[in-house]
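> What follows is a structure written as structure tokens; I'll ask about it next.
Protein chains: 2
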Amino acid sequence: MKIAVIGTGVVGRTLAARLAELEHSVAVGTRDVSATHSRMDSDGGVSFADWLAAHPDISLLDFAAAGRFGEVVVNATNGAASMQALIGVGADNLAGKVLIDVANPLDFSQGFPPTLLLKDNDSLAEEIQRGFPETRVVKTLNTVTADVMARPDLVGDGGTSVFLSGDDPAAKAVATDLLRDMGWRDIIDLGDITTARGPEMYLPLWLRVMAAQGTALFNVHVVR
Amino acid sequence: MKIAVIGTGVVGRTLAARLAELEHSVAVGTRDVSATHSRMDSDGGVSFADWLAAHPDISLLDFAAAGRFGEVVVNATNGAASMQALIGVGADNLAGKVLIDVANPLDFSQGFPPTLLLKDNDSLAEEIQRGFPETRVVKTLNTVTADVMARPDLVGDGGTSVFLSGDDPAAKAVATDLLRDMGWRDIIDLGDITTARGPEMYLPLWLRVMAAQGTALFNVHVVR
Chain A
5 MKIAVIGTGV VGRTLAARLA ELEHSVAVGT RDVSATHSRM DSDGGVSFAD WLAAHPDISL
65 LDFAAAGRFG EVVVNATNGA ASMQALIGVG ADNLAGKVLI DVANPLDFSQ GFPPTLLLKD
125 NDSLAEEIQR GFPETRVVKT LNTVTADVMA RPDLVGDGGT SVFLSGDDPA AKAVATDLLR
185 DMGWRDIIDL GDITTARGPE MYLPLWLRVM AAQGTALFNV HVVR
Chain X
5 MKIAVIGTGV VGRTLAARLA ELEHSVAVGT RDVSATHSRM DSDGGVSFAD WLAAHPDISL
65 LDFAAAGRFG EVVVNATNGA ASMQALIGVG ADNLAGKVLI DVANPLDFSQ GFPPTLLLKD
125 NDSLAEEIQR GFPETRVVKT LNTVTADVMA RPDLVGDGGT SVFLSGDDPA AKAVATDLLR
185 DMGWRDIIDL GDITTARGPE MYLPLWLRVM AAQGTALFNV HVVR
């Protein structure tokens, strides 16, 4: 499947590399291709150009070209910048497609821990769905760190839980297939796109558990 | 230990009965003792008087008398009414004591799912700590349904996780002992009282998982 991953940070790189490893055809979308090529990245000290050189099967495209390329589009941008990035991808390019939103609308302007930009009676996923009504938005994976998104077996025996929210059952089936390919087994469908408020508002707890434990390599298992 | 449980609903009854079973000396605190005696309760259809008759070792006291009685006080009131109830218990009666806050500040005025009355840059636990600065507030247990609070072995093998937030290490040690008595093994100390924002903001996810699964008998296990 042709998958466009929007965002060049740790989340975008990690998901792009994993999806390519799973033999999908992957392009990473960025605002300015030449700027991204020349940018040194603080995330782990690996520049995007070096990362891309190590992944010759992945292409780097501008937002609009990535939008045209992808049959499925993954929003792996900073949540505070997601709407602007997706406008760059283009409503026409996103129309009818499955958009998997893994971002968190975090506000780091007051330091750590960040607060949520949208909460309780709204969510980033809903904002995206309202902004792109012809796109089929699915919220998932925002409740774990990038490495765990791509390889759930990094925590415990790989049987921890991931959540799914969206209005379109067929889009959720596409997302579920990709999640299973990456190794997810306990996938909890919460319901329509408004249920994304739950996983997004979980972030303040996730951040404090991370701080208390000193590692982001954890996840919750919903035990019945 | 003398424990005052403030609140006569399902949470208060369940915790009071469990703590009495564990051989603590337990009083339930209510605003108006005679009104509570005569009230029919919609929770499970058992009136408080019938419940109390079935638990002869538990006494019913007004808020202030319960506050004087308890060496440890448990806030098991509706979160929207907690501050008013604790004012009734009395700052003098609460001074120096451990107050275990298990309530959630939920707003049901717009129907289900409820929204949070306090969030993100505040929490009910912090509001209580600010309102009663001489009291040592510990937030815990608000992330599970009443039956699971009292008997964590009702879900899975009993090894799921519970969170602890508070400024006073000795108060958290008292709460930890009570949690262990009730059967909790995985107790995660998140840090100071501001970390209660995490477990309180988890409620929107808890509510949606409950709706998706059709049961409140679940809990998360934090898997490293």
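Chain order of the listed sequences is A and X. Residue numbering for the first sequence follows this note's numbering, beginning at 5 and increasing consecutively. Residue numbering for the second sequence follows this note's numbering, beginning at 5 and increasing consecutively. Backbone N, C-alpha and C define an ideal beta-carbon position, used for all residues, glycine too. These numbers come from a predicted model, not from an experiment.
#1: Can you list, in chain order, the residues of its chain whose CB lies under 7 Å from that of residue 100 (chain A), leaving out five sequence neighbours each side?
#2: Identify each residue in the segment 207–220 of chain A for which the Cβ-Cβ distance to at least one residue of chain X is less than 9 Å, and report them in chain order.
#3: Across which residues does DSSP place residue 119 (chain X) in a beta bridge pair?
#4: Check whether the segment 156–174 of chain A and the segment 186–204 of chain A are in contact - that is, three or more C-beta pairs closer than 8 Å.
#5: Just to confirm the assignment, what range does the beta strand (DSSP E) spanning residue 151 (chain X) have?
#6: With C-beta atoms as the reference, is residue 179 (chain X) less than 8 Å away from residue 73 (chain X)?
#7: Quick one, which residues of the segment 173–202 of chain A are near chain X if we go by CB-CB under 8 Å, in chain order?
#8: Mind checking the segment 104–130 of chain X against chain A and listing, in chain order, the residues whose C-beta falls within less than 7 Å of any C-beta there?
#9: When DSSP labels each residue in this structure, what does residue 192 (chain A) get in the three-state scheme?
#10: Between residue 11 (chain X) and residue 119 (chain X), how many whole angstroms is the CB-CB distance? I'm expecting something under 8 Å.
#11: In angstroms, rounded to a whole number, what distance separates the CA positions of residue 218 (chain A) and residue 98 (chain X)?
#12: Closer than 8 Å is the cut-off here; do at least three beta carbon pairs connect the segment 205–224 of chain A with the segment 109–128 of chain A?
#13: Going by C-alpha to C-alpha distance, which of X:163, X:57, X:108 sits closest to residue 228 (chain A)?
#14: Have a look at the DSSP bridge pairing and note the partners of residue 170 (chain X).
#15: Is there a Cβ from chain A that is less than 8 Å from the Cβ of residue 164 (chain X)?
#16: Since residue 175 (chain A) and residue 140 (chain A) should fall inside the 8 Å C-beta cutoff, what is the C-beta to C-beta distance between them, to a whole number of angstroms?
#17: Cβ of residue 4 (chain X) within 8 Å of Cβ of residue 216 (chain A)?
#18: Going along chain A in order, which residues have a C-beta closer than 7 Å to the C-beta of residue 159 (chain X)?
#19: For a cutoff of 8 Å on Cβ pairs, would you count residue 222 (chain X) as touching chain A?
#20: Who are the near neighbours of residue 35 (chain A) in its chain, counting only those whose CB is closer than 8 Å to its CB and skipping five residues on each side?
#21: Quick one: what's got a C-beta closer than 7 Å to residue 86 (chain X)'s C-beta in the same chain, skipping five residues either side?
#22: So, residue 102 (chain A) versus residue 166 (chain A), is the Cβ gap smaller than 8 Å?
#23: Applying a beta-carbon distance threshold of less than 9 Å, which residues of chain A neighbour residue 205 (chain X)?
#24: How long is the line joining the alpha carbons of residue 172 (chain X) and residue 29 (chain X), rounded to whole angstroms?
#25: May I have the straight-line CA-CA distance separating residue 225 (chain X) from residue 152 (chain A), to the nearest angstrom?
#26: Please report whether the beta-carbon of residue 118 (chain X) lies at a distance below 8 Å from any beta-carbon of chain B.
#27: If you compare alpha carbons, which of X:177, X:199, X:146 is closest to residue 220 (chain X)?
Taking the coordinates as given:
#1: The residues are 138.
#2: Listed in sequence order: 207, 208, 209, 210, 211, 212, 213, 215, 216, 217, 219.
#3: Residue 119 (chain X) is bridged to X:111.
#4: Because the criterion of three Cβ pairs below 8 Å is met, the segment 156–174 of chain A and the segment 186–204 of chain A touch.
#5: Here residue 151 (chain X) belongs to no beta strand (DSSP E); instead the alpha helix (DSSP H) covers 150–154.
#6: Taking 8 Å as the Cβ cut-off, residue 179 (chain X) and residue 73 (chain X) do not qualify as a contacting pair.
#7: If the cut-off is 8 Å between Cβ atoms, the segment 173–202 of chain A has 192, 193, 194, 195, 199, 201, 202 near chain X.
#8: Along the segment 104–130 of chain X, the positions whose C-beta sits under 7 Å from a C-beta of chain A are 119, 120, 123, 124, 125, read in chain order.
#9: Strand.
#10: Wrong, their Cβ atoms sit about 21 Å apart, outside the cutoff.
#11: Going by the C-alpha atoms only, they are around 34 Å apart.
#12: The answer is yes - the segment 109–128 of chain A touches the segment 205–224 of chain A, with three or more Cβ pairs under 8 Å.
#13: Answer by Cα proximity: X:163.
#14: Paired residue(s): X:142.
#15: Chain A contact via Cβ: present.
#16: Going by Cβ atoms, the distance from residue 175 (chain A) to residue 140 (chain A) rounds to 4 Å, so yes, they are a contact pair.
#17: No answer is possible for residue 4 (chain X): the residues shown for chain X start at 5 and end at 228.
#18: Those within 7 Å of residue 159 (chain X) in chain A are 227, 228.
#19: Yes, residue 222 (chain X) counts as interfacial toward chain A.
#20: Counting only Cβ-Cβ distances below 8 Å, and skipping sequence neighbours, we find 66, 67, 89, 92.
#21: If we look at residue 86 (chain X) and ignore the five residues flanking it on each side, its Cβ neighbours are 79, 107, 128, 132.
#22: Contact check for residue 102 (chain A) against residue 166 (chain A) fails: the beta carbons are separated by 8 Å or more.
#23: Going along chain A in sequence order, the residues near residue 205 (chain X) (Cβ under 9 Å) are 120, 123, 124, 205, 206, 207, 208, 209.
#24: Between residue 172 (chain X) and residue 29 (chain X), the C-alpha separation is close to 24 Å.
#25: Cα-Cα distance, rounded: 16 Å.
#26: Absent from the structure: chain B. Protein chains present are A and X.
#27: Nearest C-alpha to residue 220 (chain X): X:146.
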